[in-house]
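Engineer:
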Amino acid sequence: MADEAFVTRRRAWIGIAIIVALSVGRVAATHRVFAQTSDEHLHLIAGYDILKHRSWTTDLHHPPLARVFFALPFVYAPEPDGTDRAIRGNELLTNGRYTSNLSRMRIGNLLFLALAIIFVARWAMHLYSPEAGLLSAALFAMLPPVLAHGGLATTDMVVTAMLPFALDELTRLAERPSWRRAAMTGIAIAAGVLSKYSFLVFFPAAAAVLLAVLWIRGRRNATPIRAMFLIFGVVALILAAALIWGGFGFNVHPLIDGIADVRHHDATGHRNFLFEQLSWNGWWYYFPVALFFKTPIPFLLLTLTGCALIARRRPELPLLAAAILGVAMTSQINIGVRHVLPIYAPLAIAAAAAILALPRLRIASAALVLWLFVSGVAAHPDYLPWFNAFAPHPETVLNDSNLDWGQDVLRLVRYTRHEHIPSISLLLFTSADLDRLGFPPHKVIKDVEEIHGWFATSEMEIAIGETHSPKVKNWLDGMIAGKPYTRIGKSIRLYHLD
Numbered sequence: 070m071a072d073e074a075f076v077t078r079r080r081a082w083i084g085i086a087i088i089v090a091l092s093v094g095r096v097a098a099t100h101r102v103f104a105q106t107s108d109e110h111l112h113l114i115a116g117y118d119i120l121k122h123r124s125w126t127t128d129l130h131h132p133p134l135a136r137v138f139f140a141l142p143f144v145y146a147p148e149p150d151g152t153d154r155a156i157r158g159n160e161l162l163t164n165g166r167y168t169s170n171l172s173r174m175r176i177g178n179l180l181f182l183a184l185a186i187i188f189v190a191r192w193a194m195h196l197y198s199p200e201a202g203l204l205s206a207a208l209f210a211m212l213p214p215v216l217a218h219g220g221l222a223t224t225d226m227v228v229t230a231m232l233p234f235a236l237d238e239l240t241r242l243a244e245r246p247s248w249r250r251a252a253m254t255g256i257a258i259a260a261g262v263l264s265k266y267s268f269l270v271f272f273p274a275a276a277a278v279l280l281a282v283l284w285i286r287g288r289r290n291a292t293p294i295r296a297m298f299l300i301f302g303v304v305a306l307i308l309a310a311a312l313i314w315g316g317f318g319f320n321v322h323p324l325i326d327g328i329a330d331v332r333h334h335d336a337t338g339h340r341n342f343l344f345e346q347l348s349w350n351g352w353w354y355y356f357p358v359a360l361f362f363k364t365p366i367p368f369l370l371l372t373l374t375g376c377a378l379i380a381r382r383r384p385e386l387p388l389l390a391a392a393i394l395g396v397a398m399t400s401q402i403n404i405g406v407r408h409v410l411p412i413y414a415p416l417a418i419a420a421a422a423a424i425l426a427l428p429r430l431r432i433a434s435a436a437l438v439l440w441l442f443v444s445g446v447a448a449h450p451d452y453l454p455w456f457n458a459f460a461p462h463p464e465t466v467l468n469d470s471n472l473d474w475g476q477d478v479l480r481l482v483r484y485t486r487h488e489h490i491p492s493i494s495l496l497l498f499t500s501a502d503l504d505r506l507g508f509p510p511h512k513v514i515k516d517v518e519e520i521h522g523w524f525a526t527s528e529m530e531i532a533i534g535e536t537h538s539p540k541v542k543n544w545l546d547g548m549i550a551g552k553p554y555t556r557i558g559k560s561i562r563l564y565h566l567d
């Protein structure tokens, strides 16, 4: 029996390795398609300054772990001029061939995409079986939001990997405390804090839920959490604190200032869009809405079924997802489903549990998985702006990093070249240096003015214009309302106004 279990587990890991390879390959194929998104140049220059100048203060809004990997290929690049971080980041990207630099920058995130799939599988194996691990990895890796943010140089995928890693290690530590498991838990917590500051709110809430469930289950089974867990838990926290300190160059000030910066951002709000409405304070229901429209329908069905089926045996999975969502719903920064991306880890395991628990419904389960796979393949390479069938007009539901994060600017450059467009006016939501991307003679629109000829604008700029002021709305409507346009990618409209 032991040999059979070993073979089953080995086969499962071989399958997971294939899933990882396929996922990394399909995501890597998108690297040169899309221009930089809003934050990527800032992550790059922040990582560059850490590696080159041992400075953690270029951009305090995010911790260093992923950024260092993004900047590794640029360590020997010429020093960018100036002091403005956005200009310096763009100079790193446009010094040489822009598409090659995009690929070099984004390749580091493939590591965290692979780790996310592996940690989800490992967690599912611990909770259920090797088959559940393989199935959870497959379901998780087919999600368009996961593939989208696994292909960008941002910090959303790294925290998506580290949260299930930390929760799995905490579970193992609570079940059988040991020095080794305390060390692994400390490493996982440190990696989580160094990945993204949202870990500091997601992990405590999730850990509290997890430990409460384990304690109640232990009481029922007459095997409560051992007192040694408290001792080893303190050891794990001490180790985590030491690793975090080292991750910030043995200086606590960047960490403290970074947390304060994020808290200030949340307190002052952000420009948020939902159902064509603008709010600087967000909506408490934003993330449930985002998850509903940005998650494949078959995955939603499997997840809901799984959460219902495992509510008694493994209540920690739906409760962990609820804890993550509940914490996120208190935020005033409502700019993308990416901010709750870690929720897909427990939901993928719940969905896998549903399939394994219903052997009589294998045909229905297989149909849902096939639907999920086909929808993901059909979405390639546009995983970022993907919406399910409940949103036939995505721009009327959500915007920002859900739809238009500046990713299609490079497609517009290629189109203008292919069609030999002589000159163009641009009103685009982008952080890129438009003068260095290869556009034909162009004018960047920064104010209300009369425009003739070729004109390109993006969905995010339209949303901003429609809600900015009556003057801007009337100007924009007068130019483009009801007029035909060519769609560039999923987020840019190209008009010929004469």
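Residue numbering for the sequence shown follows our numbering, starting at 70 and increasing by one per position.
Ideal placement from N, C-alpha and C gives every residue a C-beta, glycine not left out.
These numbers were taken from a predicted model, which means no experiment stands behind them.
With respect to the alpha helix (DSSP H) encompassing T240, which residues constitute its N-terminal and C-terminal limits?
Structural biologist: Per DSSP, T240 belongs to the alpha helix (DSSP H) from 225-244.
Engineer: What do you get for D516, buried or exposed, if any count of 16 or more other CB atoms within 10 angstroms of its CB means buried?
Structural biologist: By the 10 Å Cβ count, D516 comes out exposed.
Engineer: Assess, as a yes-or-no matter, whether the region 214-225 is touched by the region 441-454 under the definition of 3 or more beta carbon pairs within less than 8 angstroms.
Structural biologist: In short, these stretches touch, since the Cβ pair count reaches three.
Engineer: For A525 and W440, I'd like the C-alpha separation in whole angstroms.
Structural biologist: Looking at the two C-alpha atoms, the distance is approximately 35 angstroms.
Engineer: Give the secondary structure of R286 by DSSP, where H, G and I count as helix, E and B as strand, and everything else as coil.
Structural biologist: Looking at R286 - three-state DSSP - the assignment turns out to be helix.
Engineer: Can you tell me where the alpha helix (DSSP H) holding W544 begins and where it ends?
Structural biologist: 539-549 is the extent of the alpha helix (DSSP H) around W544.
Engineer: For D473, which residues of its own chain have a beta-carbon under 6 angstroms away from its beta-carbon, when the five flanking residues on both sides are left out?
Structural biologist: So the qualifying residues of the chain are F498, S527, E528, M529, S560.
Engineer: Need the endpoints of the beta strand (DSSP E) that I493 sits in, please.
Structural biologist: Element bounds for I493: 493-496.
Engineer: Tell me, which residues are paired with Q34 by DSSP?
Structural biologist: Residue 34 cannot be examined here, being either before or after the span of the chain that is shown, 70 to 567.
Engineer: What's the call for V513, buried or exposed, on a 16-neighbour Cβ count within 10 Å?
Structural biologist: So V513 ends up on the exposed side.
Engineer: Got a sec? Which residues, its chain only, sit under 7 angstroms from K121 by beta carbon, not counting five neighbours each side?
Structural biologist: Answer for K121: V144, listed in chain order.
Engineer: Candidates V478, F508, A501: which alpha carbon is nearest H489's?
Structural biologist: Comparing Cα positions, the closest option is F508.
Engineer: Under the assumption that A230 contacts A201 (Cβ atoms under 8 angstroms), give the Cβ distance between them as a whole number of angstroms.
Structural biologist: In fact, because the Cβ distance is near 19 angstroms, the residues do not count as touching under 8 angstroms.
Engineer: Could you spell out where the alpha helix (DSSP H) holding S527 opens and where it closes?
Structural biologist: Careful: S527 lies outside any alpha helix (DSSP H), inside the beta strand (DSSP E) at 523-527.
Engineer: Excluding the 5 residues flanking R588 on each side, which residues of the same chain have their C-beta closer than 8 angstroms to its C-beta?
Structural biologist: As displayed, the chain neither begins before 70 nor continues past 567, which places residue 588 out of reach and without an answer.
Engineer: With a threshold of 8 angstroms, are at least 3 pairs of Cβ atoms found where one atom belongs to the region 219-227 and the other to the region 171-182?
Structural biologist: Because the criterion of three Cβ pairs below 8 angstroms is met, the region 219-227 and the region 171-182 touch.
Engineer: Helix, strand or coil: which one does DSSP assign to I520?
Structural biologist: Coil, per DSSP.
Engineer: Nearest CA to the CA of I176: which residue from E148, F139, N164, G165?
Structural biologist: Of E148, F139, N164, G165, the residue nearest in Cα terms is F139.
Engineer: Within the same chain, show all residues whose beta-carbon is closer than 6 angstroms to that of P463, passing over the 5 residues directly before and after it, in chain order.
Structural biologist: If we look at P463 and ignore the five residues flanking it on each side, its Cβ neighbours are F456, L472.
Engineer: Might you give, ordered along the chain, the residues of its own chain that have their beta carbon closer than 6 angstroms to the beta carbon of P510, omitting 5 neighbours on each side?
Structural biologist: If we look at P510 and ignore the five residues flanking it on each side, its Cβ neighbours are S492.
Engineer: Out of curiosity, what's the CA-to-CA distance linking I285 and N170?
Structural biologist: The straight-line gap from Cα to Cα measures roughly 52 angstroms.
Engineer: Between the Cα of S593 and those of L371, H334, I187, spot the shortest distance and give me the residue it belongs to.
Structural biologist: Look at the range of the chain in this structure, 70 to 567, and you will see that residue 593 is not part of it.
Engineer: Residues in its own chain within less than 7 angstroms of L437 by CB, not counting five upstream and five downstream?
Structural biologist: Around L437: P367, L370, L371.
Engineer: Would you say F317 and L324 are within 8 angstroms of each other, going by their C-beta atoms?
Structural biologist: It is a contact, given that the beta carbons lie within the stated cut-off.
Engineer: H322 to P132, Cα distance in whole Å?
Structural biologist: The alpha-carbon atoms of H322 and P132 are separated by roughly 12 angstroms.
Engineer: What ranges does the alpha helix (DSSP H) occupy inside the region 153-209, keeping only unbroken runs of at least 4 residues that lie completely in it?
Structural biologist: Counting only runs of 4 or more, we get 154-163, 167-196.
Engineer: Quick check on DSSP: helix, strand or coil for K512?
Structural biologist: Reduced to three states, the DSSP call for K512 is strand.
Engineer: State the start and end residues of the unbroken beta strand (DSSP E) segment that holds R407.
Structural biologist: It is not in any beta strand (DSSP E) - R407 carries neither H nor E in the DSSP assignment.
Engineer: Please classify L299: is it buried, with 16 or more other beta-carbons within 10 angstroms of its beta-carbon, or exposed?
Structural biologist: Classification of L299: exposed, given that the 10 Å Cβ count is below 16.
Engineer: Rounded to whole angstroms, how far is the Cβ of R249 from the Cβ of E238, which I believe are closer than 8 angstroms?
Structural biologist: Incorrect: roughly 10 angstroms between the Cβ atoms, too far for contact.
Engineer: Where does the unbroken beta strand (DSSP E) through Y564 begin, and where does it stop?
Structural biologist: Here the beta strand (DSSP E) through Y564 covers 561-565.
Engineer: What is the rounded straight-line gap between the Cα of V278 and the Cα of A417?
Structural biologist: Rounded to whole angstroms, V278 to A417 spans 18 angstroms at the Cα level.
Engineer: Could you compute how far the alpha carbon of I404 sits from the alpha carbon of P273?
Structural biologist: So the two alpha carbons sit approximately 23 angstroms from each other.
Engineer: Tell me the rounded alpha-carbon separation between L129 and W353.
Structural biologist: Computed Cα separation, rounded: 26 angstroms.
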